[in-house]
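Following: one structure in structure tokens, then a few remarks.
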């Protein structure tokens, strides 16, 4: 079995991401296990829709106390120009303590979670670049066998940016949305450019659809994990290519994706207030 650590996007949670990845999990069957981890930082209303939020978080930012699993979370907060990330050392410690008792074949991240996944992948490759990851002189987890980064971007802050002075050497798959207005393709390419032998696949990302959730108006854009049948099969085959028994076969590209591949049940989408920047 292939075991994958899944890191959700900004303003999502493990439970929300798990539900949104339902169709992909079903397609992978019993040969792939996803483990969804909550980010450690709880977001408050002041952190949310003025700049950037997940569609789910608009409903869950006021999640009742009896439903803490729906509370939106983040791997870090950032300043307005996204050059300084707050609480990164605490997040790395949180991941270190979690990984001590776990074993994963790979890591899968979406948006801010993809950025975090890339950083964690680099730290496990080169722990000397981030010595606080060590536990009794050893890394808490061996390097991943692969990393899948959907709508990811290269971190630029003082804690994580220097990690990418050398490229990611772990086998890496980057999935970019051509029409992604949150992590535009140029920003996504910054992570591709610091990866050795990157595999890059693109989806159309769908067209924008204005809608109103109360007030004001929001714009749903092509920022999600693609989940049409061709993509579900592609992800499954890619994961299983690392299985020592089931792997060994080449994995073809998912092929062209229709512009109608907008986020439906099982695909995490994120939205932003029209005319305002993201704060990932």
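Numbering (the numbering used here), first residue to last: 3 to 282. From the three backbone atoms N, C-alpha and C, an ideal C-beta is built for every residue, glycine too. These numbers come from a predicted model, not from an experiment.
Helix or strand or just coil, what does DSSP make of residue 99?
-> helix
Ordered along the chain, which non-local residues of its own chain (more than five positions away) have a Cβ less than 6 Å from that of residue 178?
-> 187, 190, 204
Residue 1 bridges to which residues according to DSSP?
-> Not covered by the structure: residue 1. The range shown for the chain is 3 to 282.
List the whole-angstrom C-beta distance separating residue 171 from residue 140, where the pair is believed to meet the contact cut-off of C-beta under 8 Å.
-> That belief does not hold up - the Cβ atoms of residue 171 and residue 140 are roughly 20 Å apart, past 8 Å.
Apart from the five residues just before and just after residue 116, which ones in its own chain have a Cβ nearer than 7 Å to its Cβ?
-> 151, 152, 153, 154
With a cut-off of 8 Å on the beta carbons, I'd call residue 159 and residue 96 a contact; round off their distance for me.
-> The Cβ separation is near 17 Å, so there is no contact.
Sequence-distant residues of the same chain with beta carbon closer than 8 Å to residue 288, five excluded per side = The question about residue 288 has no answer here: the residues shown for the chain are numbered 3 through 282.
Whole-angstrom distance between residue 241 and residue 85, CA atom to CA atom = 33 Å
Burial state of residue 99 (16 or more Cβ within 10 Å) | exposed
For residue 140: DSSP bridge partner residues = 137
Roughly how far, in whole angstroms, is the beta-carbon of residue 5 from the beta-carbon of residue 37, given that I think they are within contact range, below 8 Å?
-> 7 Å
CB contact flag (residue 136, residue 129, <8 Å) | yes
Considering residue 121, what are the terminal residues of the alpha helix (DSSP H) in which it resides?
-> 114–127
Same chain, Cβ closer than 8 Å to residue 169, five either side skipped, listed in chain order | 196, 197, 198
Range of the contiguous alpha helix (DSSP H) that encloses residue 26 | 24–30
Using 10 angstroms around the beta-carbon of residue 252, count the other beta-carbons present and answer buried if the total reaches 16, otherwise exposed.
-> exposed
Please state whether DSSP places residue 8 in a helix, a strand or coil.
-> strand
Residue 80 classed as buried or exposed, judged by whether at least 16 other C-beta atoms fall within 10 angstroms = buried
Check the DSSP bridge columns for residue 205 and list the partner residues they point to.
-> 179
In angstroms, rounded to a whole number, what distance separates the CA positions of residue 223 and residue 138?
-> 45 Å
With DSSP collapsed to three states, give me the class of residue 162.
-> coil
How many Å lie between residue 248 and residue 82 at the Cα?
-> 46 Å
Do you know how far the Cα of residue 76 is from the Cα of residue 14?
-> 7 Å
Flag this pair as yes or no: are the beta carbons of residue 200 and residue 174 separated by less than 8 Å?
-> yes
Assigned exposure category for residue 167 - 16 Cβ within 10 Å defines buried = exposed
To which residues of the same chain is residue 8 closer than 6 Å at the C-beta, ignoring the five residues directly before and after it?
-> 36, 38, 110
Would you mind reading off the limits of the alpha helix (DSSP H) that contains residue 188?
-> 187–194
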